[in-house]
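So the protein sequences, as listed, match chains A and B.
For reference, each letter of the first sequence is one residue, going 0 to 499 in numbering that gives the first Met the number 0.
For reference, each letter of the second sequence is one residue, going 0 to 499 in numbering that gives the first Met the number 0.
2 protein chains.
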Amino acid sequence: MTPEKSYEELVRISRETTLLASCHQLLQWDAEICMPRAGVQHRGEQMALIAGLAHDRATDPRLGDLLGTVEGSSLVADPESVEAVNVRERRRDYDRETKLPRRLVEELARVSAMSSQAWSEARDHDDFASFAPWLEKTFELAREKADAYGYTSARYDALLDEYEPGMTTAQLTDLFTGLRAQLVPLVDSLRDSSSESKSEASAGEFPLDRQRKFSEGVAVKLGFDIEGGRFDLGPHPFCTFLGPGDVRIALRYHTDNFSSGFLAVLHEMGHALYEQGLDPAHYGTPMGEAVSLGIHESQSRMWENLVGRSEGFWRHFYPQLQSAFREPLMNVSVDAFRREMNVVRPGLIRVEADEVTYNLHVIIRFELERALLDGDLRAADLPGAWAELYRKYLGLTPANDRLGSLQDIHWSEGLIGYFPTYTLGNVYAAQLFATADREIGPLEEKFAAGEFSPLREWLREKIHCHGKRYRATQLIERTTGKSLDPSALIANLSHRYAPA
Amino acid sequence: MTPEKSYEELVRISRETTLLASCHQLLQWDAEICMPRAGVQHRGEQMALIAGLAHDRATDPRLGDLLGTVEGSSLVADPESVEAVNVRERRRDYDRETKLPRRLVEELARVSAMSSQAWSEARDHDDFASFAPWLEKTFELAREKADAYGYTSARYDALLDEYEPGMTTAQLTDLFTGLRAQLVPLVDSLRDSSSESKSEASAGEFPLDRQRKFSEGVAVKLGFDIEGGRFDLGPHPFCTFLGPGDVRIALRYHTDNFSSGFLAVLHEMGHALYEQGLDPAHYGTPMGEAVSLGIHESQSRMWENLVGRSEGFWRHFYPQLQSAFREPLMNVSVDAFRREMNVVRPGLIRVEADEVTYNLHVIIRFELERALLDGDLRAADLPGAWAELYRKYLGLTPANDRLGSLQDIHWSEGLIGYFPTYTLGNVYAAQLFATADREIGPLEEKFAAGEFSPLREWLREKIHCHGKRYRATQLIERTTGKSLDPSALIANLSHRYAPA
Numbered sequence: 000m001t002p003e004k005s006y007e008e009l010v011r012i013s014r015e016t017t018l019l020a021s022c023h024q025l026l027q028w029d030a031e032i033c034m035p036r037a038g039v040q041h042r043g044e045q046m047a048l049i050a051g052l053a054h055d056r057a058t059d060p061r062l063g064d065l066l067g068t069v070e071g072s073s074l075v076a077d078p079e080s081v082e083a084v085n086v087r088e089r090r091r092d093y094d095r096e097t098k099l100p101r102r103l104v105e106e107l108a109r110v111s112a113m114s115s116q117a118w119s120e121a122r123d124h125d126d127f128a129s130f131a132p133w134l135e136k137t138f139e140l141a142r143e144k145a146d147a148y149g150y151t152s153a154r155y156d157a158l159l160d161e162y163e164p165g166m167t168t169a170q171l172t173d174l175f176t177g178l179r180a181q182l183v184p185l186v187d188s189l190r191d192s193s194s195e196s197k198s199e200a201s202a203g204e205f206p207l208d209r210q211r212k213f214s215e216g217v218a219v220k221l222g223f224d225i226e227g228g229r230f231d232l233g234p235h236p237f238c239t240f241l242g243p244g245d246v247r248i249a250l251r252y253h254t255d256n257f258s259s260g261f262l263a264v265l266h267e268m269g270h271a272l273y274e275q276g277l278d279p280a281h282y283g284t285p286m287g288e289a290v291s292l293g294i295h296e297s298q299s300r301m302w303e304n305l306v307g308r309s310e311g312f313w314r315h316f317y318p319q320l321q322s323a324f325r326e327p328l329m330n331v332s333v334d335a336f337r338r339e340m341n342v343v344r345p346g347l348i349r350v351e352a353d354e355v356t357y358n359l360h361v362i363i364r365f366e367l368e369r370a371l372l373d374g375d376l377r378a379a380d381l382p383g384a385w386a387e388l389y390r391k392y393l394g395l396t397p398a399n400d401r402l403g404s405l406q407d408i409h410w411s412e413g414l415i416g417y418f419p420t421y422t423l424g425n426v427y428a429a430q431l432f433a434t435a436d437r438e439i440g441p442l443e444e445k446f447a448a449g450e451f452s453p454l455r456e457w458l459r460e461k462i463h464c465h466g467k468r469y470r471a472t473q474l475i476e477r478t479t480g481k482s483l484d485p486s487a488l489i490a491n492l493s494h495r496y497a498p499a
Numbered sequence: 000m001t002p003e004k005s006y007e008e009l010v011r012i013s014r015e016t017t018l019l020a021s022c023h024q025l026l027q028w029d030a031e032i033c034m035p036r037a038g039v040q041h042r043g044e045q046m047a048l049i050a051g052l053a054h055d056r057a058t059d060p061r062l063g064d065l066l067g068t069v070e071g072s073s074l075v076a077d078p079e080s081v082e083a084v085n086v087r088e089r090r091r092d093y094d095r096e097t098k099l100p101r102r103l104v105e106e107l108a109r110v111s112a113m114s115s116q117a118w119s120e121a122r123d124h125d126d127f128a129s130f131a132p133w134l135e136k137t138f139e140l141a142r143e144k145a146d147a148y149g150y151t152s153a154r155y156d157a158l159l160d161e162y163e164p165g166m167t168t169a170q171l172t173d174l175f176t177g178l179r180a181q182l183v184p185l186v187d188s189l190r191d192s193s194s195e196s197k198s199e200a201s202a203g204e205f206p207l208d209r210q211r212k213f214s215e216g217v218a219v220k221l222g223f224d225i226e227g228g229r230f231d232l233g234p235h236p237f238c239t240f241l242g243p244g245d246v247r248i249a250l251r252y253h254t255d256n257f258s259s260g261f262l263a264v265l266h267e268m269g270h271a272l273y274e275q276g277l278d279p280a281h282y283g284t285p286m287g288e289a290v291s292l293g294i295h296e297s298q299s300r301m302w303e304n305l306v307g308r309s310e311g312f313w314r315h316f317y318p319q320l321q322s323a324f325r326e327p328l329m330n331v332s333v334d335a336f337r338r339e340m341n342v343v344r345p346g347l348i349r350v351e352a353d354e355v356t357y358n359l360h361v362i363i364r365f366e367l368e369r370a371l372l373d374g375d376l377r378a379a380d381l382p383g384a385w386a387e388l389y390r391k392y393l394g395l396t397p398a399n400d401r402l403g404s405l406q407d408i409h410w411s412e413g414l415i416g417y418f419p420t421y422t423l424g425n426v427y428a429a430q431l432f433a434t435a436d437r438e439i440g441p442l443e444e445k446f447a448a449g450e451f452s453p454l455r456e457w458l459r460e461k462i463h464c465h466g467k468r469y470r471a472t473q474l475i476e477r478t479t480g481k482s483l484d485p486s487a488l489i490a491n492l493s494h495r496y497a498p499a
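What follows is the structure, encoded as structure tokens:
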């Protein structure tokens, strides 16, 4: 077969695999949003079948042959060409998929299902001991997996590479060390100012239907294409990309906490704008896919934190908010409202953390999962190590394991090497935002005037439309002129949060 | 391979094909209920892929080999055994699927898509002429299809067999001739009494949310398992069986017409109870599937008409209805309410027809589609033939084709031989209901006491749990002791509708 024909066939298989994955995603979305309880077993069978069909395609030896025919041909001579990118990325996926022995794939799926079940029960009963053997087993399998993938320096690299291709443990260690050194004193300096009790701004009742209307309305104004998407209430906020013209956001609101629900809308909308900004002509191939979890998270965090908490944003939207919620906000100034929204208060729960302390939660998990993976920490000793790091970095000690190492589902599902992408997202977001501010800003002034399309279009042009053409750090460097660098994040946080 | 191993493999393939079909059904359901508009093209690609994968399995030559190995073995010696039924039905499907040349399958899909598009536009503009060539083409292809399937006496048999296995044109002609001979005079005798203007009972406003609450509440009381199902608002009422534990009902309500929305709920619930009554252990094999469209329709029509319009039913439910809708029903007696609900008024539109005239609409379509299929009627001449039959059987003439031959989507989609199953459903329902009344009745008294489980459980035991073990007429004969016979339907209608 000629390289051209092989490439065409590669694209066809890639599209078909993606279509199957998108059917799997609908099954998943529906299970969370629509499916009646009793449908769970049947749904499991549907999902297993579709996942199996997708896996068969992804590991088909014919794929290896096709890749071999195209690689080295003139078709992929330019490494930034569509063909070269698609071949490079499918080769990467194919090699990863085929490196894992089937026995290990099945064992990982089996243990993950049972381990997350055990985690859920352990958390409900605050019984870490019952979960510890599953955690131990999960990290054992993760070690096996990393060894099957292979690595040159750190074993953790092999896992991290799944979520943030090209990123290394050494780079992360550097980044996080620098970040931690600046965040710990910043949090300390804010500790006093933020210990005040709940202010008037968040004390009232925010009716759910009006929150929905307001928040979804804002997302549409910021650019979420509602003709090609929808909003639902879900058990937790998430964004599902089903395919071109179909991006769905699930949300959760709380009557007594407007900010939490609203910021989640902006967060998921950030993910959604990325997906809606991908080129539909490249759907089903790497050129039509997001770069990495970290870059994805940079989009959600930017809209959530750098836009949605900003002064300009609320100068524009606060009057509308106030008229939607007269009762609770009648006597609350925009400044008081923003102060309350942006309060820094070290806590024990990552998902409830403010923007400043959040990254310390992630850094703690990064340090612990590396130690667990390398065997330097036994699962049984996790609670002690957890408490020690929370004391050191956040000055707090969890009263029990539900407030400690049982709070996140990730490890129980085998997601190891995933947490750092949250903080990478924050770091990338700050770098990108600073660049955009320089190139098309001042952004705050635009926000205050209700102009959000300049930032959105800038992101489309700089990030979204490239698909997987560049690796994350390469894309950041191309766009910002700088390599991975936490100083923009620190500068931004210090500027906005430094005690007056 | 031994017959036992071959049978196991047959079941595995059958389950997998059904699972794929159920994924297709979710894609379809979601497209009607949830999908954003812009997702339509991507959805088409997902559906085509899954349909193709299901088709590959259904026509895999290996299936023919496996069937061959099991057939004639001792495993299927007892023709009513699970194994024999599953093999018999999969053989039937396999033979049908493989008799159609791929070219014809593709042509049918292509023409159906374009023809239903043309139908929709023709209906919108009342422009039959623009649709006529598509209708002609559709019937040409239907002829080809029938010839590919093969038949012994009537060509129509080959198409009918798809929806009502084992039923013949000769049987239908007999049945419908008898039915028509009795319905036409019955309708005539009721014509005067029913020409009164809209009564008070349906003149008020019925708020949609309260209709939903009441109607869905009734469906659950009658036995719809809500733990294994859900209700949605949809563009039209329908019931989707996704798999064990997942049966979904879509509904549409009208503020100014309570009965229409409510009876549709009971209708779809009748379908749903059938699906929920199938044995989940046989899921994915014929023993876990409904007998035919006619038997399916007998379940929906029974709950809609024979239960939901009955005096006993409303003796029980009317007080609740009245308190849910005080405003419109305050001064309406249960008798006046029922009179209005059961008014007989010959009309031009099938889906708006009352219970008595409904079957005449179906008989007209049966006569016309046979003539079109046999080439005795040209598509271009349909409007004239249509008007002629409506005048003859219902005493009405459509003022235009939107009120005439452009009202139904069926033919444009290639569904020929489908309409009769609606009336078969009514005939089966009346026969089954009369038998149940004899065996566990009087049912009306039970309904009046709020007891609906006896009928539901009787249907489960007599109909639902058997899957495809028996052909439709065989099942009716086993259950009622009589072959297909319209007299129960005529007796029931005459009893309930005869002028006092």
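In this text, a Cβ means the ideal position worked out from N, Cα and C, and glycines have one as well.
The structure displayed is predicted, hence computed values, not measured ones.
Below-9 Å beta-carbon distance, residue i vs any chain B residue
| i | result |
| --- | --- |
| residue 8/A | no |
| residue 440/A | no |
| residue 268/A | no |
| residue 282/A | yes |
| residue 224/A | yes |
is_contact[residue i, chain A] using C-beta, thresh 9 Å
| i | result |
| --- | --- |
| residue 196/B | Here the model assigns residue 196/B a pLDDT of 47, short of 50, so the residue's position is not dependable and the matter cannot be decided. |
| residue 236/B | no |
| residue 41/B | yes |
| residue 359/B | no |
| residue 37/B | yes |
| residue 214/B | no |
| residue 19/B | yes |
Own chain residues within Cβ distance below 7 Å of residue i, not counting five before or after
| i | result |
| --- | --- |
| residue 436/A | 442 |
| residue 196/A | Because the pLDDT at residue 196/A is just 47, under 50, the model does not fix this residue reliably, and the value given afterwards should be weighed accordingly. Excluding sequence neighbours, residue 196/A sits near nothing in its chain. |
| residue 373/B | 154 |
| residue 378/A | 131, 134, 135, 138 and 371 |
| residue 488/B | 425, 426 and 429 |
Residue i versus residue j - alpha carbon distance
| i | j | result |
| --- | --- | --- |
| residue 46/B | residue 331/B | 49 Å |
| residue 95/A | residue 71/A | 20 Å |
| residue 242/A | residue 455/B | 42 Å |
| residue 341/B | residue 128/B | 37 Å |
| residue 312/A | residue 305/A | 9 Å |
| residue 61/A | residue 85/A | 16 Å |
| residue 56/A | residue 317/B | 58 Å |
| residue 194/B | residue 496/B | With a pLDDT of only 46 at residue 194/B, under the threshold of 50, the placement of this residue in the model should not be trusted, and no figure is reported. |
| residue 466/A | residue 289/A | 5 Å |
| residue 16/B | residue 158/B | 23 Å |
Integer-rounded CB distance, given that residue j should sit under 8 Å from residue i
| i | j | result |
| --- | --- | --- |
| residue 156/A | residue 25/B | Rounded, the Cβ-Cβ distance is 39 Å, inconsistent with contact. |
Residue from the options with nearest C-alpha to residue i
| i | options | result |
| --- | --- | --- |
| residue 137/A | 88/A, 408/A, 50/A and 273/A | 408/A |
| residue 460/A | 438/A, 449/A, 481/A and 445/A | 438/A |
| residue 392/A | 220/A, 482/A, 183/A and 271/A | 183/A |
| residue 482/B | 399/B, 427/B, 296/B and 89/B | 427/B |
| residue 14/A | 365/A, 83/A, 286/A and 179/A | 286/A |
Contacts around residue i, its chain only, beta-carbon distance under 8 Å, and the 5 residues preceding and following it disregarded
| i | result |
| --- | --- |
| residue 405/B | 118, 121, 122, 125, 127 and 130 |
Chain-order list of residues whose beta-carbon lies under 6 Å from that of residue i (same chain, five-residue window excluded)
| i | result |
| --- | --- |
| residue 447/A | 311, 314 and 315 |
| residue 261/B | 214 |
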